[in-house]
Amino acid sequence: QVQLVESGGGLVQFGGSLRLSCAASGTIFRANTMGWYRQAPGKQRELVAAMSNDGSTNYADSVKGRFTISRDNAKNTVYLQMNSLKPEDTAVYYCNLRQYQWNYWGQGTQVTVSS
6 QVQLVESGGG LVQFGGSLRL SCAASGTIFR ANTMGWYRQA PGKQRELVAA MSNDGSTNYA
66 DSVKGRFTIS RDNAKNTVYL QMNSLKPEDT AVYYCNLRQY QWNYWGQGTQ VTVSS
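Quick look at the structure:
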């Protein structure tokens, strides 16, 4: 079993920055992908950014150039640095860990960007 604990959400003004963190614990294999998804009211959950243990990344087009994902494999922690935030970035952000056939989610952290 794997547990994911997120932190760092909050309220920020247009153009501001936030940094999300997600620490994983439990049975974690070396080969995995950790990432962030978000879900705005009335919308489907969507990928924001993901990073494999080998360092390869994948970003949603809407956040490229503004968000940066990173991870500390020794700590099983993934980060999301969010800059130049826009009101349309407002959503609940969920941490995700995928390893082999297993898929785990955090409880979610609210990010609200005021205009």
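Everything in the sequence shown is counted per our numbering, starting at 6 for the first residue and increasing by one. Virtual Cβ for every residue (Gly too), placed ideally from N, Cα, C. Fair warning: this is a prediction, and the values are worked out from it, not measured in the lab.
Use the C-beta contact count for ASN108: other C-beta atoms within 10 angstroms, 16 or more gives buried, fewer gives exposed. In the sequence shown, counting from the first residue as 1, residue 108 sits at position 103. The residue is exposed, with fewer than 16 neighbouring Cβ atoms inside 10 Å.
Pick out the complete beta strand (DSSP E) segments inside the segment 45–89, 3 residues or longer, and give them in chain order. 51–57, 62–64, 72–77, 82–87
Taking buried to mean at least 16 other C-beta atoms within 10 Å of its own C-beta, is LEU16 buried or exposed? The residue labelled residue 16 in the question sits at position 11 within the sequence shown. Its Cβ having fewer than 16 others within 10 Å, LEU16 is exposed.
Sub-7 Å separation of ASN101 and ASN78 beta-carbons: To locate residue 101, count along the sequence shown from 1; it is residue 96. To locate residue 78, count along the sequence shown from 1; it is residue 73. No, the Cβ-Cβ distance between ASN101 and ASN78 is not below 7 Å.
Please go through the same chain and pick out, in chain order, the residues whose beta-carbon is closer than 6 Å to the beta-carbon of THR117, but skip the five residues on each side of it. Within the sequence shown, the letter at position 112 stands for residue 117. Hits under 6 Å: LEU16, THR95.
Give me, in chain order, the residues of the same chain whose beta-carbon lies closer than 8 Å to that of PRO92; leave out the 5 immediate sequence neighbours on both sides. Numbered from its first residue, the sequence shown carries residue 92 at position 87. So the list reads PHE19, VAL118, SER119, SER120, once near-sequence residues are dropped.
Of the residues GLN6, VAL97, TRP110, THR114, the one placed nearest ALA45, counting alpha carbons only: Looking up residue 45 in the sequence shown gives position 40. The option with the nearest alpha carbon to ALA45 is VAL97.
Contacts around PHE72, its chain only, beta-carbon distance under 8 Å, and the 5 residues preceding and following it disregarded: Taking the sequence shown and counting its residues from 1, the one referred to as residue 72 is at position 67. Within the same chain, PHE72 has close Cβ partners VAL53, ALA54, TYR64, LEU85, GLN86, MET87, ASN88.
Exposure of ARG35, with buried meaning 16 or more beta-carbon neighbours within 10 Å: Numbered from 1 along the sequence shown, position 30 holds the residue referred to as residue 35. Exposed, since its Cβ has fewer than 16 Cβ neighbours within 10 Å.
Have a look at the DSSP bridge pairing and note the partners of ASN101. Here residue 101 refers to the residue found at position 96 when the sequence shown is read from its first residue. GLY40, TRP110, per the DSSP bridge assignment.
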